[in-house]
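Residue numbers (the working numbering): 241 to 1238.
In this text, a Cβ means the ideal position worked out from N, Cα and C, and glycines have one as well.
Source: prediction; values computed, not measured.
Since the structure comes first, as C-alpha cells, the remarks are kept for the end.
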Amino acid sequence: MSAHARSSSLTGLARAGFSELGQADALLDELSSLVGVAREDIAREAGSAADPDAALSALVRVARRSADEVRAVLEREPRAAWSLLGASDGFADFYLRHPEELRDLGYRSALPTAQELRDELLAAVESDDAGFAARGDEEAWVALRVRYRRLVARIAVYDLAAPDATEVLAEVAASLADAAAAALEASLSVARTRISGRAGVGGLFPREEVAAARLAIIGMGKTGARELNYVSDVDVIFVGGTAATDGEGLSESRAIDIATRLAVQTMRGISGMEIEPPLWEVDANLRPEGKQGALVRSLDSHLSYYERWAKSWEFQALLKARAIAGDASLGEAYVSAVQPKVWTSAARENFVDSVQRMRERVTEHIPSGEVAYQLKLGPGGIRDVEFTVQLLQLVHGLADENVRQRGTLSALEALVAEGYIGRSEAATFSHHYRALRVLEHRLQLAGLRRTHLMPSTPEGLRTLARASRLAETGPAVWELWESIKREVREIHVRLFYRPLLSAVAALPADEQTLSAQAAHDRLAAIGFRDPAGALRHIGSLTSGISRKATIQRHLMPVMIRWFADGVDPDYGLLAFRRVSERLGDTPWFLRMLRDSAGAAERLTRALSGSRYVGELMEWIPESVAWLDADEQLRPRSGVVLQDEARAIQTRQRSIDDAMSAVRALRRRELLRLALAAILDTVTIEELAQALTTISEVTIQATLRAVRREVVPEEDADLDFAVIAMGRFGGAELGFGSDADVMYVYEPNGVEAHRAQELALQIVAGLRTYSEDHRLPFELDADLRPEGRNGPMARSLESYAAYYRRWSLSWEAQALLRARGVAGSTKLIGRFMALADDVRYPASVDPQALREIKRIKARVENERLPQGGDRSRHLKLGPGGLSDVEWLVQILQLEHAHRLPGLRTTSTIDALSAARDAGLVPDAAADRLAASWRLASRLRSANTLLSGQTSDVLPVDRAKLDGIGRLLEYPPRSATLVEEEWLRRSRRARRVFEKLFYG
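Structure (C-alpha cells):
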C-alpha cells in the first residue's frame, strides 16, 4: 500500500472512531488474512461500535481460534458484531470461549418474549414435561449459562441498535428480568434431576417425592418489577410446600427438606463456580429473618412471620414481589397473601421510622472517592428516583389501589394519572431515570459485571458516550450526568413537598394540587405527628399575596423536607411560624430566606432539634440573622460583653430597667451559644468557657447595679466579692447549670454589724435581680461553710476563723474549685490566699481522706433518685461527673502542695497534671476524661433538646435519638448513644474504684 493510500486508510479509521490507528491498521490486515474478507468490507460497520479498537481486537482474538465463525458473522451480521463487541469486553470473552455462539449473533426486530426465553433455556437443559432436566451434572449448568448469554446477546444487540436507548429501556429491562426468571426455571429443572434418585448424581430423594415437592421462586426488587439490569443480584424468596391433600402423600416437613435442597442447587446452578463463569448472584437475604432464617418456608410459615414479627421495611420490600419460577400457583398464592400487607404498612406505628431507613439506604455510606462517580447510590442517582416514587406509592397506595404498581416507571405514570404528582415534573423525572438506567446498562454491559461507577478516564467516558448515544463526547456525557443529578434532587422536592402547599394555599393553575387528606398522609409519612397542625402552620405561612407569602411558598417545600429530617418536625415548623410572625415583613429576614439556603437549612435544623433554641428565638427573632455568618456563631469575649453590660447600665436610669437589659443580654448570648453548639461551631471546652463567661458578666453587672442601690456613700469603703464554686469555679458550666457561689465581704472601717447587714442586702439584691423566669439563673450558695445552716455572707476574718477551727474535709474539697469572679479584686486576692492554705495543705490527715471517701459513698446511696437506674445518672451515677471530679479533687488535696500543676479549678486540666505527674496512668486518664466530657455533652444536649434541665439520660428512644442528633450521631442512634455512655461510664467507674478506694 502506498504512503498516500496508507494515510487515507488511517484517516478513515479515525473517522470510524478508532484511537490506536497504527495498531488498528495492523489488526485489520491480520483479520482480513485470517477470514479472507477484504479489510474495507470488514471495517465498513466499525463506526457502529462504541469502542472500535476493542471490537477489532476481539474479532482478531476469536478469529485466531475459529476464523470460519468470524467470517460467517462478518458476512451475515457485521453491524451486530461490531456493535456488541465494541460495547462489551465481556461478550468478547464469551465468544472467545464459545466461537460457535457467533452463529446466533444478529439483529432481530423484536425482543424475545418471556415464553420464548423460558422455552429456550428449558430446551438447553432438555427439561421434560415434569420439570426434570435430562442431566443433573455440571454440564447441564454450563449449557444453561451458555444459552442464557446467547439470549442476553440478542437483547443487547436490540438495545444497542435502538436510535434512542431511553425509549426501549423499559422493554429491555423487562426482557432481562424475564431471562433471569427463565434461567432460574431451567436451573430448578437441573436441580430436580440432580437430587433425584434416578440422576446418578447425589440421588438424595426418590424422584416421585421430588416431583411432589412444591417450590415457588418469588422475584423481588428489580427482578420482581421486571426492570432488571444486565448484571445485577437477583433477589428472591423461596416458598415450599407439598401437593398432598388430606394428610396423604408427602408430608410438609419432608417437602420443605426437598424444597430446601432444590433451592440450594438452583442457586448453585446460577452462581456457583464452573467452567462457564457464574451468571449473577442469587440473593435470598430478603427472606424472613434474613441470613439467620430458613432458606425455604411454607406459605403458612411466611404468613405467620409477617403477622407476628415482620417490620415495616420487610413489607415494603415485598412491594415488587412476583412469582417468577417454580410452582406458579403456590407463587401466586404467596403474592396474593402478602400484597395487602405492603400497603397497610403505611398505617403501622413504625412506618415513619421505616421511611427514614429507606432514605438511609438511598444515602448509605459510599467511599468518599466514589461519591462523584456513583450512578446508583450517590446524590441524584438511580436510588434517589426509586425512593421518591416508592415513598409516594406507599403513602397514597393505602387508599388508592391504582398506584400499586411494581415498576418504577409504571408507578410514576399511575401517580400522574391519579393526580398525586404533576405531569411535567413526572415526565422530566421519568426521562432522567431512563437516562440513568441506560448509562448503568452500558457500564454493566461493558464487562458483564455488576458496577454502578461512572468512568474516571477520558477513554471510558468517550466509550460510554458512544455506547449510550446520550452525548457526543466524553465531557458531554459527564456534564449530562451532573445536570441530571442536580435536577433529580430538585424534582424530588417539587414532586413530594411542593404539592403539599396546594392543600392550604393557592398555587398557579398549572401546578399539581393535593387534597387535604393526601397532604395529611404525606406529612405523616415523613415524620409529622400532627399533620393537621402542620398544614395549618404551612397555610398561615404561605397564604396571601404579600411578598413574604410569595417567598415562603417558594421556600416552604424544601424547608418541610429539612424539618422532616430533624428531631421534632412539628415543633420546628411551629417555632418557625412564630419567628416568622414576629419578624413580619422585615426586609433582611425575607432576603435571607430567599438568598441563603444555608441559613434557612440551619434554621430548620436548630428549630426542629431544640426547644431551648425555639423558645428563646421566639423572643429574640433577630438572632436568625446570625445563621448567615459563622462569625456570628462564635462566643463573644468577656471584655466585649463586659463593655456592653457597662454601656447598658450607663443608659438605664432605674435598676429594674438596667437589669432587664442585662437579662436580655444573657438570653441573647445563651441563644448564640446554643445555636453554636447545635451547628457544631464550638468545642465542648469553648462552650463551657463561654457559658461561664456570660454568667460572670451577668453577676458582675448585677453586683454593680445592686451595690449602687444598697450601699450608701458613707459606707462605700465596704468591700464585697462573689466567689465561684463547683463547675462555675472550674469554668465548666453547661446549659441549665446552676451557678455555685459564696459571698465574702471586708468592712474596711464600716461598723461590723452594719457591714454584715449591707452584705446580706447585696446578696438579697443579687438573688432578686439575677432571677430570670424565662431562662432561670440560680445563684446557689449551698457550698458555703456550714452549708444551708451557715450565714449567706461572711467577712474574710470569719472565713479565716471558721476554716482554722471548724472546717470539715468536704469544705476544703469544695474550695478546690473556688475562683473569684466579681467584686473587689483586692478582697478576691486575699480570699484566694486564704483558700490556698486550706485546699493545698502541706500534709493531709488520713482521717480526712477517709471521711471524704465515706461522704462520696453516702452521696451515691442517698442522693441518687430512688427506684431509678443508677447507671443513667450523668452526675452521680457510676462513672459520671461526680466520680471523675471527686477522684481529681482527692489527688489535688494530697499532692497540689508539692505539684503546682494541680493548682487549678479545671477538672480536665488537673487530670492532665495528675497524668503528667504519674499519679494517674495514661489509659486511666483517657477513660476518665472521655466519660467526663461525654457526660457534660449529654447533659447540655438534653437541656437543648427539651428546654429543661436533667441529670438523667432519658429512657425514651425518641429523646435519646434527639440527643444523639445534637451530638452529631447519625439518625436513629438512640441505642448507640445509650451504649456509648454505658460503655464509657463503666470503664471510668472501674478506674475510679481502683484509684479512689484503692
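Rounded to whole angstroms, the gap between the alpha carbons of residue 650 and residue 850 is 41 Å. Inter-segment contact for the segment 372 to 379 and the segment 496 to 504 is absent: fewer than three beta-carbon pairs are separated by less than 8 Å.
In the DSSP assignment, residue 1235 falls outside any alpha helix (DSSP H), carrying neither H nor E. Given a length threshold of 4 residues, each whole run of the alpha helix (DSSP H) inside the segment 1017 to 1092 is given here in chain order: 1036 to 1045, 1049 to 1055 and 1065 to 1079.
Among the bridge pairs identified by DSSP, residue 566 is matched with 456.
Here the alpha carbons of residue 917 and residue 1147 stand approximately 21 Å from one another. Contact check for residue 1118 and residue 1225: beta-carbon distance about 6 Å, within the 8 Å limit, so the pair qualifies. Taking a cut-off of 8 Å for Cβ pairs, the segment 489 to 500 and the segment 450 to 461 touch, as three or more such pairs fall below it. Just measuring C-alpha positions, the residue of 606, 931 and 584 sitting nearest residue 911 is 931. Runs of the alpha helix (DSSP H) lying entirely within the segment 353 to 400, each at least 4 residues long, are 354 to 364 in chain order. Around the C-beta of residue 329, 16 or more other C-beta atoms lie within 10 Å, and the residue is accordingly described as buried. The Cβ atoms of residue 313 and residue 321 lie closer than 8 Å to each other. Residue 1077 sits away from residue 1023, with the two beta carbons spaced by 8 Å or more. Using a Cβ distance threshold of 8 Å, residue 478 and residue 393 do not count as a contacting pair.
Annotated as proximal: residue 806 and residue 844, with beta-carbon spacing under 8 Å. The alpha-carbon separation between residue 860 and residue 908 amounts to approximately 7 Å.
A direct Cα-to-Cα measurement between residue 514 and residue 689 gives close to 17 Å. Pairwise C-beta distances place the segment 1209 to 1219 out of contact with the segment 1063 to 1080, as fewer than three of them are shorter than 8 Å. In the DSSP assignment, residue 986 falls within the unbroken beta strand (DSSP E) covering 979 to 986. Residue 552 sits in a helix when the DSSP states are folded into three classes. In its chain, beyond the 5 residues on either side, 807, 849 and 1211 have a beta carbon closer than 7 Å to the beta carbon of residue 1205. Annotation for residue 957: 988, 989 and 990 place their beta carbon closer than 7 Å to its own, counting only its chain and skipping 5 residues before and after. Note that the C-beta distance between residue 427 and residue 371 is not below 8 Å. Assigned with DSSP and collapsed to three states, residue 522 falls in strand.
DSSP places residue 476 in the uninterrupted beta strand (DSSP E) bounded by 474 to 482. Classified as buried, residue 802 has 16 or more neighbouring CB atoms from the shown chains inside 10 Å of its CB.
Within a 10 Å sphere around the beta-carbon of residue 1087 sit fewer than 16 other beta-carbons, which makes this residue exposed.
Here DSSP, grouped into helix, strand and coil, assigns residue 263 to helix.
With contacts defined by Cβ atoms closer than 8 Å, residue 795 and residue 840 form a contacting pair.
With fewer than three CB-CB distances shorter than 8 Å, the segment 632 to 650 does not count as touching the segment 706 to 724. For the set 340, 255, 682 and 1171, the Cα lying nearest the Cα of residue 472 is the one of 682. In this structure, the beta-carbon distance from residue 325 to residue 298 falls below 8 Å.
With a threshold of 16 other beta carbon atoms within 10 Å, residue 719 falls short and is exposed.
For residue 959, the enclosing beta strand (DSSP E) begins and ends at 959 to 964. Within the same chain, and ignoring the five residues on either side of residue 431 in sequence, the residues whose Cβ sits closer than 6 Å to its Cβ are 502, 505 and 506. For residue 717, no beta strand (DSSP E) encloses it; the enclosing alpha helix (DSSP H) starts and ends at 714 to 736.
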